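Number of protein chains: 2
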Amino acid sequence: MFKQFGIGAPSEFFTQPPSVGVSIARSGQLDELVALEQLGSRRSFARDAEIYAEGDRADCWFKIVSGTVRICKLMADGRRHIAEFFHAGDCFGLDGEGERTFAAEAVGDVIVMRFNRAATERLIDERPVLARCMCNMMLRNLAHAQTRLLLLGRMTAPERVASFLLELAERRDVRRVLEVPMSRNDIADYLGLTIETVCRVLSAMKRDGTIAIPNPHRIEICDRDALEATVEM
Amino acid sequence: MFKQFGIGAPSEFFTQPPSVGVSIARSGQLDELVALEQLGSRRSFARDAEIYAEGDRADCWFKIVSGTVRICKLMADGRRHIAEFFHAGDCFGLDGEGERTFAAEAVGDVIVMRFNRAATERLIDERPVLARCMCNMMLRNLAHAQTRLLLLGRMTAPERVASFLLELAERRDVRRVLEVPMSRNDIADYLGLTIETVCRVLSAMKRDGTIAIPNPHRIEICDRDALEATVEM
DNA sequence: CGCAAGCCTTGATCCAGGTCAACGGAATGC
DNA sequence: GCATTCCGTTGACCTGGATCAAGGCTTGCG
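Sequence lines, in order, name chains A and B.
To get the numbering used here, take the position in the first sequence, counting from 1, and add 1394.
To get the numbering used here, take the position in the second sequence, counting from 1, and add 1394.
In structure tokens:
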């Protein structure tokens, strides 16, 4: 019955970065979540396609079925900034009521469920438990944003890269072999660095045996302790 | 009837940075908000006092009656990071369920209302409109955090300082004369710079007539266009 | 297969902002 | 009133990461 929507059992509908723990939707909410799933429509996007643009009306939100999405912004002079990556199972696009302040783009090929904002709000008003789910989800997003503020505000390049690798590992719940769907450029714009610096730091980590890089989109953590020691706060 | 709680009419109970606009609590919610006010107790803190520490249980949250609060973290090697400043009328401390990941400290003398988390949640379950208020408040916090990510990730020192001054002006809803309650050190740790860089940028702006600095805690915006042109995105 | 277009990587050089150091001026205490 | 402490400001110098430049490695396509 739920299979039709691909991954994610309904009890994990609002699942987000496992990093912050605590599955939100708890027993007793199945009805609501099923109703919510039925409001969505499936969409797919090719690599680098725009899911929504800066300035679009924020009248819908998405849940990722498969693939990775970047939430980003291009400054007038060409500098680019990536606010967040979202992976399979994550929800994104739940912004304020007005216009999008960031764009959402497909990192590789992506399949999402698209939900109408108004319909969702109606459902939430009927079933208040859902409001709690949303609050919790946003709390986790906020906690993550604050971790990133620390990273961008006070960490060195090696700390940022180490932190990024550990985050990837945690999100995918993998201890050793990381699949890295995004380009070096994406990583740089996410970490507030340049592509060259990202490469150099990765090469240095490879040189001293902390990681292995069988190919650019696959990184293996060989010495997790060393990585963790790098970020040590 | 509401005067006893100092500033903030009940219809603005959850008021937050005006930057993102839209007052959340709308008519028809007065009862709930009054009930909420009565759950709180008044506390005051002297300059630099810790309102809560990193690692404390997050069993309460606060609304600022007067003064300014910084949400911050000290790294093992002494680097400090300020995630956010909150001003009179703002709510803070609404984190996840577990431990505080940041500390909250009084920038100057501060008076707050303290609210019990469990009691608030009970109230929210009874009066679901409040859940929407909270969601909206967190959405605005999140939007603000993302603006800050861009600032820390991709902006130069002059851009950061200009952006900070404009934010101060907007929050206080003042166009020219800014009261700056925090120290240069606080500003530096908020903008991901050093105190010397903050001073130098401010001095440069003063030199070319963009701002005036009658004393360190008062800055006047003389040429708003120049400031806005600096941050231009 | 050969060629072109994208990435990724590495090296050489540069510079924005960090670090170190000195000093001034207001607030606090004796 | 004087000493002390705490900020804020300014100057001199240094460095981490940016910028510029040159290949290398895939992938796809004629």
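In this text, a Cβ means the ideal position worked out from N, Cα and C, and glycines have one as well.
As the structure is a prediction and not an experimental result, all values here were calculated from the model.
- Residue burial is scored here from C-beta neighbours: Ala1512(B) has fewer than 16 other C-beta atoms within 10 angstroms and is therefore classed as exposed.
- For Pro1522(B), at least one C-beta of chain A is nearer than 7 Å to its own C-beta.
- Counting along the chain, Cys1593(A) sits inside the alpha helix (DSSP H) bounded by residues Ile1589 to Arg1601.
- DSSP places Pro1608(B) within a strand segment (E or B) once states are collapsed to three.
- For Ala1477(A), the nearest beta carbon of chain B is closer than 7 Å to its own beta carbon.
- Spatial neighbours of Gly1434(A) in its own chain (CB-CB distance under 8 Å, excluding positions within 5 residues in sequence) are listed in chain order as Phe1399, Lys1457, Met1507, Arg1508 and Phe1509.
- In this structure, the beta-carbon distance from Phe1479(A) to Phe1486(A) does not fall below 7 Å.
- Remark: C-beta atoms of Ala1498(B) and Ala1539(A) do not approach each other more closely than 7 Å.
- Glu1626(B) sits in coil when the DSSP states are folded into three classes, being neither helix nor strand.
- Per the coordinates, the alpha-carbon of Met1528(A) lies some 45 Å from the alpha-carbon of Asn1609(B).
- In the three-state scheme derived from DSSP, where H, G and I count as helix and E and B as strand, Arg1436(B) is classed as strand.
- The alpha-carbon separation between Glu1553(B) and Glu1626(B) amounts to approximately 8 Å.
- If you compare the alpha carbons of Ala1598(A), Ser1597(A) and Asn1579(A) with that of Ile1589(A), the shortest gap goes to Asn1579(A).
- Around Ala1556(B), the same chain offers Leu1621, Thr1624 and Val1625 as residues with beta carbons nearer than 6 Å, after the five sequence neighbours per side are excluded.
- Contacts with chain B at 7 Å (Cβ-Cβ) do not include Met1531(A).
- Between the alpha carbons of Leu1559(B) and Val1574(B) lies a gap of roughly 9 Å.
- Nearest C-alpha to Lys1467(A) among Asp1442(A), Ala1606(A) and Thr1495(A): Thr1495(A).
- The beta carbon of Asn1510(A) does not come within 7 Å of any beta carbon belonging to chain B, so the residue lies off that interface.
- Check the Cα spacing between Ala1477(B) and each of Leu1546(B), Thr1604(B) and Glu1444(B): the tightest is with Leu1546(B).
- Distances from the alpha-carbon of Leu1488(A) to those of Tyr1446(A), Val1568(A) and Ile1607(A) put Tyr1446(A) closest.
- Shown here for Met1532(A): same chain residues with a beta carbon closer than 8 Å to its own, the five before and five after excluded, namely Leu1488 in chain order.
- The residue among Glu1491(B), Val1501(B) and Phe1439(B) with its C-alpha nearest the C-alpha of Tyr1584(B) is Val1501(B).
- Residue burial is scored here from C-beta neighbours: Arg1542(B) has at least 16 other C-beta atoms within 10 angstroms and is therefore classed as buried.
- Residue-level contact by beta carbon holds for Ala1539(A) and chain B, with a gap shorter than 7 Å.
- For Asn1535(B), the nearest beta carbon of chain A is closer than 7 Å to its own beta carbon.
- Distance from the CA of Gly1490(B) to the CA of Thr1514(B), rounded to the nearest whole angstrom, comes to 14 Å.
- Thr1591(A) is positioned such that its CB atom lies closer than 7 Å to that of Ala1551(A).
- Under the 7 Å criterion on CB atoms, Arg1516(B) is classed as non-interfacial with respect to chain A.
- With a threshold of 16 other beta carbon atoms within 10 Å, Ala1525(A) meets it and is buried.
- For Arg1594(A), no Cβ of chain B is located within less than 7 Å of the residue's own Cβ.
- Counting the other CB atoms within 10 Å of its CB gives Arg1612(B) a total below 16, which places it among the exposed residues.
- A direct Cα-Cα distance of roughly 37 Å separates Leu1517(B) from Val1463(A).
- Ala1525(B) sits in a helix when the DSSP states are folded into three classes.
- Counting the other Cβ atoms within 10 Å of the Cβ of Ala1482(A) gives 16 or more, which makes it buried.
- A distance below 7 Å between beta-carbons, with the five flanking residues on each side excluded, links Glu1448(B) to the following residues of its chain, in chain order: Lys1467, Arg1494, Thr1495, Phe1496 and Ala1497.
- Cβ-Cβ distances below 7 Å link Arg1570(B) to Glu1614 and Ile1615 in the same chain, with the five nearest sequence neighbours on each side left out; the list follows chain order.
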